[in-house]
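Asks:
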Amino acid sequence: MPISRSEQPVFRFAPSPNGVLHLGHALSAILNHDMAAKAGGRFLLRIEDIDRARCRPEFEAAIFADLAWLGLDWEEPVRRQSEHLALYAAMLERLKAMGLVYPSFMTRGEIRAAVAEAEAKGKRWPRDPDGTPLYPGRERDLSPDEQAARIASGRPYAWRLDMEQAVRRVGPLTWRETGAGPAGETGLIAADPASWSDVVLSRSDAPSSYHLSVVVDDAVQGITHVVRGRDLYHATSVHRLLQELLDLPQPVYHHHRLILGPDGRKLSKSNEDTGIGAFRAAGHTPADVRAMILSGDEPPARG
849 MPISRSEQPV FRFAPSPNGV LHLGHALSAI LNHDMAAKAG GRFLLRIEDI
899 DRARCRPEFE AAIFADLAWL GLDWEEPVRR QSEHLALYAA MLERLKAMGL
949 VYPSFMTRGE IRAAVAEAEA KGKRWPRDPD GTPLYPGRER DLSPDEQAAR
999 IASGRPYAWR LDMEQAVRRV GPLTWRETGA GPAGETGLIA ADPASWSDVV
1049 LSRSDAPSSY HLSVVVDDAV QGITHVVRGR DLYHATSVHR LLQELLDLPQ
1099 PVYHHHRLIL GPDGRKLSKS NEDTGIGAFR AAGHTPADVR AMILSGDEPP
1149 ARG
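Residue numbers (our numbering): 849 to 1151.
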């Protein structure tokens, strides 16, 4: 895998075209763009479109239109993850060759049922940093023959990282944080990938997980600074682990504050929070949006 290495700072904004960009995306895009300009670096745009069921061409076109309206420019060509599935598959094969991944056949429903059964008996089920119950790990020790038989039967499955073995292989990890974590953490941060248990790296409906594809893309594009929302702060532990396992370079990380809705939750495409295009249609200017997201205030009504 060719890895781009450059002394020039390289930043990126990497949205998924599964909905319209909202103000949280605008904050991340503007920060990346402005930090790259201040550092005399490069600003790249990457389209994370592996989920073909949800990603649509009209959303990708809207991303380009919204970013251009905000006054941002980026280098061409734009990298699309859907054009590099073979590369992610090759990285997964490397992990298989190390004996660090295994097929998991439990469905999401079966995992939820196992957790509910345990909790009904009074057991406190462990959860990852996002609050999702950890995978039970029941299939980690299946024999190769049993794995092959289940795969041959046509049962859907996912490839999971054997977290315990992976952590043992690389030892303690850290990353450099120039932003801040949920509790204000900054500086040299101790990574804790084990808190995520056996994360999924690939599944039948998604040939590569976010975790795997993002570290590969950042390496190929020579990203030196990853600037993204604080909701991905804890995921950095998994990314550092994969970088070490696959011998990929380590960028500097900067996690910025989230823009929250009136109810206190982070903005989300799935909740259909107001898109950037809606502010444009309402007569707001790019300067209005920039001032709003940097100050945290709602833009004044125009009409």
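Built from N, CA and C at the ideal position, the CB exists for glycine as well.
Being a predicted model, the structure only gives us computed values, none of them experimental.
Taking its Cβ as the centre, do 16 or more other Cβ atoms sit within 10 Å of Leu1160, making it buried, or is it exposed?
Replies: Since the first residue shown for the chain is 849 and the last is 1151, residue 1160 is missing from the structure and cannot be characterised.
Asks: Please list, in chain order, all residues of the same chain as Ser1085 whose beta carbon is under 6 Å from its beta carbon, the five residues on each side excluded.
Replies: The residues are Ala1039, Asp1040, Pro1041.
Asks: I'd like to check one pair, Pro1134 with Leu918: are the Cβ atoms closer than 8 Å?
Replies: yes
Asks: Across which residues does DSSP place Arg975 in a beta bridge pair?
Replies: Pro981
Asks: Which of the three DSSP states, helix, strand or coil, is assigned to Ile895?
Replies: It is a strand residue.
Asks: Anyone know if the C-beta pair for Arg904 and Arg927 falls short of 8 Å?
Replies: no
Asks: Between the alpha carbons of Leu990 and Arg1003, how many angstroms are there, rounded?
Replies: Leu990 and Arg1003 have their C-alpha atoms some 15 Å from each other.
Asks: Return the CA-CA distance between Leu920 and Ile878, expressed in angstroms with no decimal places.
Replies: 7 Å
Asks: Given that a residue counts as buried once 16 or more other Cβ atoms are within 10 Å of its Cβ, and exposed if not, what is Arg1197?
Replies: The structure shown does not extend to residue 1197, since the chain is modelled only from 849 through 1151, so no value can be given for it.
Asks: Out of curiosity, what's the CA-to-CA distance linking Asp1010 and Glu923?
Replies: Roughly 37 Å separates the two Cα atoms.
Asks: Taking the alpha carbon of Leu799 as the reference point, which residue from Leu1090, Arg1105, Val949, Arg1008 has its own alpha carbon closest?
Replies: Missing from the structure shown is residue 799; the chain here goes from 849 to 1151 and no further.
Asks: May I have the straight-line CA-CA distance separating Ser1052 from Phe953, to the nearest angstrom?
Replies: 11 Å
Asks: Would Ala1014 be called buried (16 or more neighbouring beta carbons within 10 Å of its own) or exposed?
Replies: Under this definition Ala1014 is a buried residue.
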